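Inspection log for the structure reproduced underneath, given as structure tokens.
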Amino acid sequence: MLNMLRDSGRSVFLVTNSFWDYTNMVMSFLCGQHAPDSNATCSSDWLQYFDVVITGSAKPSFFHDDNNASLLEIDPDSGMLLNTDNYAPVAQVSDTSPRLTGTGRTNRKTFQGGNVSHLHKLLAIESSPQVLYVGDHIYGDILCSKKVLGWRTMLIVPELETEVRLAWETRNIRKELGMMRLEHDNIEDSIHRLKWSLKFENLTDERKQVLSFKLDDLETRNNEVRLAHQDALREWHQKVRDFT
């Protein structure tokens, strides 16, 4: 998919709060041809899929223009920060307005820190709707980038597949539970009305006897519904536990 996006002329970027060493390890595992192990050195071949990689971004503050964090260039081979002087930030990469040149394929860059203005300049983004940002954190990724910047966003919810499958497989139980709760509520209303009538209305002895028999039947049925609801609820909870 990343190759397809880049072949179509679109720029692809990665912005993460993780620092370079961890990012390189994870991305080597996900996108590299050989998964790293304890005796192997991580390869940065995965950088071929991206135009810009920004690590240590400190999202969500990264999405605010008033974030004055310096943009530091990283040497992918050594992981060292290049444009520092005795660990103190100096001028921004290349100049005060870093920008990728050409197609970006031969000028891929890896950075640390910075803010969204740096990203826009590096990728020559002229308007926010040009960006489709994919993230898995509803606040740190999606809410801030959408509300503050107006980016188009896509939220990844890994748990959603399981939730949808659980909802489908328990649909009958949940329907039964809803019907039993509705029946229980209706019976409770009828019981309250009968008790009120027996206590406050001026009824004949024969009418009182009829209502008393009806009240007993309703209370018996209400107890049956309550027990059936408990059994169905227990079955539903067990299915939820089995899924998790």
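Numbering follows my numbering, in which position 191 of the sequence shown is assigned residue number 241; successive positions increment by one, without gaps. A virtual CB, placed ideally from N, CA and C, is assigned to each residue, including glycine. Computed from a prediction, not measured in an experiment: that's the story for all the values here.
Enumerate in chain order the residues of its own chain whose CB-to-CB distance from residue i is below 8 Å, with the five nearest sequence positions on each side excluded.
{"i": "Gly200", "result": "Ser178, Pro179"}
{"i": "Asn118", "result": "Asn165"}
{"i": "Asp115", "result": "Asn165, Val166, Ser167"}
{"i": "Ile237", "result": "Leu268, Arg271, Asn272, Val275"}
{"i": "Asn222", "result": "none"}
Helix, strand or coil for residue i, going by three-state DSSP, please let me know.
{"i": "Val76", "result": "helix"}
{"i": "Thr160", "result": "strand"}
{"i": "Phe63", "result": "strand"}
{"i": "Glu176", "result": "coil"}
{"i": "Leu169", "result": "helix"}
{"i": "Leu193", "result": "helix"}
{"i": "Leu132", "result": "coil"}
Taking the continuous beta strand (DSSP E) assigned at residue i, which residues delimit it?
{"i": "Leu182", "result": "182-185"}
{"i": "Glu209", "result": "Glu209 -> no beta strand (DSSP E), and no H or E assigned at all."}
{"i": "Val198", "result": "Element bounds for Val198: n/a, residue is neither H nor E."}
{"i": "Ile104", "result": "102-105"}
{"i": "Leu97", "result": "No beta strand (DSSP E) holds Leu97; DSSP gives it neither H nor E."}
Can you find the residues in the same chain that come closer than 6 Å, C-beta to C-beta, to residue i, ignoring five residues on each side of it along the sequence?
{"i": "Lys305", "result": "Here the chain comprises residues numbered 51 to 294, so residue 305 is not present and cannot be evaluated."}
Counting along the chain, where does the alpha helix (DSSP H) carrying residue i start and finish?
{"i": "Lys249", "result": "221-250"}
{"i": "Thr270", "result": "255-293"}
{"i": "Leu52", "result": "52-57"}
In whole angstroms, give me the CA-to-CA distance for residue i and residue j.
{"i": "Pro126", "j": "Val102", "result": "12 Å"}
{"i": "Phe69", "j": "Ser78", "result": "14 Å"}
{"i": "Lys197", "j": "Pro110", "result": "11 Å"}
{"i": "Glu123", "j": "Asp57", "result": "26 Å"}
{"i": "Lys245", "j": "Glu285", "result": "34 Å"}
{"i": "Leu227", "j": "Phe250", "result": "34 Å"}
{"i": "Asp235", "j": "Arg243", "result": "12 Å"}
{"i": "Gly190", "j": "His279", "result": "41 Å"}
{"i": "Lys159", "j": "Lys225", "result": "55 Å"}
{"i": "Asn67", "j": "Glu233", "result": "52 Å"}
{"i": "Leu265", "j": "Leu253", "result": "15 Å"}
Do the stretch 178-193 and the stretch 159-167 make contact, defined as three or more Cβ pairs closer than 8 Å?
no
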